[in-house]
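Structure first, commentary second.
In the working numbering, the protein residues as written are 19 to 213.
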């Protein structure tokens, strides 16, 4: 039985992450419990498929009107020590634990579930099919993108604001020119080769 029943909406948290694949920066996770009378229900989608202007509008709406939401992250040290999967699961667990309302159940994007004290279900493609997860993806993406924009100022020359830490040609060229900076993930092969 799916945990995403409409009459239980207020008690179901959606969880998603942003930033597992990049070579730099933290993994950011969010957990969201939506209100059953949210006028934007049906409009939340995977954050990568929403234009930036609309994503920011939805982000502010979720923050104001969700029953509860929280954001957490896995640090660079946690990513390098635990590995990216375990660091992501840790951050997801933190996001659920930080909710001011304890959910009856949790829906997680992907095929893995963090260790949680309540029923949980992993849903592949959930960030585009489950409203709570899509809302969590929007919160996590806006927060991480803002962090990467700050790193762009702190570490000029890498253009983090443009590629968000992903291994684009621009980023790889910057790594060749400048070497890794403190926010690069030392355990990721392209960075480890440069150390």
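Beta carbons are placed, not taken as given, at the ideal position from N, Cα and C, and that holds for glycine.
Do you know how far the Cα of residue j is from the Cα of residue i?
i: residue 187; j: residue 59; result: 38 Å
i: residue 128; j: residue 155; result: 12 Å
i: residue 140; j: residue 87; result: 19 Å
i: residue 64; j: residue 145; result: 5 Å
i: residue 57; j: residue 197; result: 48 Å
i: residue 76; j: residue 82; result: 10 Å
i: residue 233; j: residue 170; result: Examination of residue 233 is not possible in this model, given that the chain is present from 19 through 213 alone.
i: residue 74; j: residue 160; result: 7 Å
i: residue 175; j: residue 91; result: 25 Å
i: residue 212; j: residue 158; result: 29 Å
i: residue 42; j: residue 131; result: 24 Å
i: residue 137; j: residue 100; result: 25 Å
i: residue 124; j: residue 36; result: 18 Å
i: residue 208; j: residue 164; result: 24 Å
What does a CB cutoff of less than 6 Å around residue i pick up in its chain, not counting 5 residues either side in sequence?
i: residue 29; result: 121 and 122
i: residue 97; result: 105 and 203
i: residue 109; result: 45, 47, 90, 91 and 92
Bridge partners for residue i per DSSP, in chain order?
i: residue 32; result: 50 and 125
i: residue 202; result: 42
Going by DSSP, what residue range makes up the beta strand (DSSP E) through residue i?
i: residue 89; result: 86 to 92
i: residue 141; result: 138 to 141
With a CB to CB cut of under 8 Å and the five nearest residues on each side skipped, what residues in its chain are close to residue i?
i: residue 84; result: 50, 51, 52, 53, 56 and 153
i: residue 147; result: 141
Excluding the five sequence neighbours on either side, which residues of its own chain have a C-beta within less than 7 Å of the C-beta of residue i, listed in chain order?
i: residue 115; result: none
i: residue 179; result: 166, 167 and 170
i: residue 38; result: 45, 102 and 106
i: residue 79; result: 58
i: residue 192; result: 175, 176 and 177
i: residue 40; result: 182, 183 and 184
How far does the alpha helix (DSSP H) with residue i in it reach, from first residue to last?
i: residue 105; result: 102 to 115
i: residue 208; result: 207 to 210
i: residue 120; result: Unbroken run through residue 120: none, as it is neither H nor E.
i: residue 65; result: Unbroken run through residue 65: none, as it is neither H nor E.
i: residue 144; result: 144 to 147
i: residue 77; result: 70 to 83
- What are the start and end residues of each continuous beta strand (DSSP E) run of 3 or more residues lying completely inside the region 149 to 191, in chain order? none
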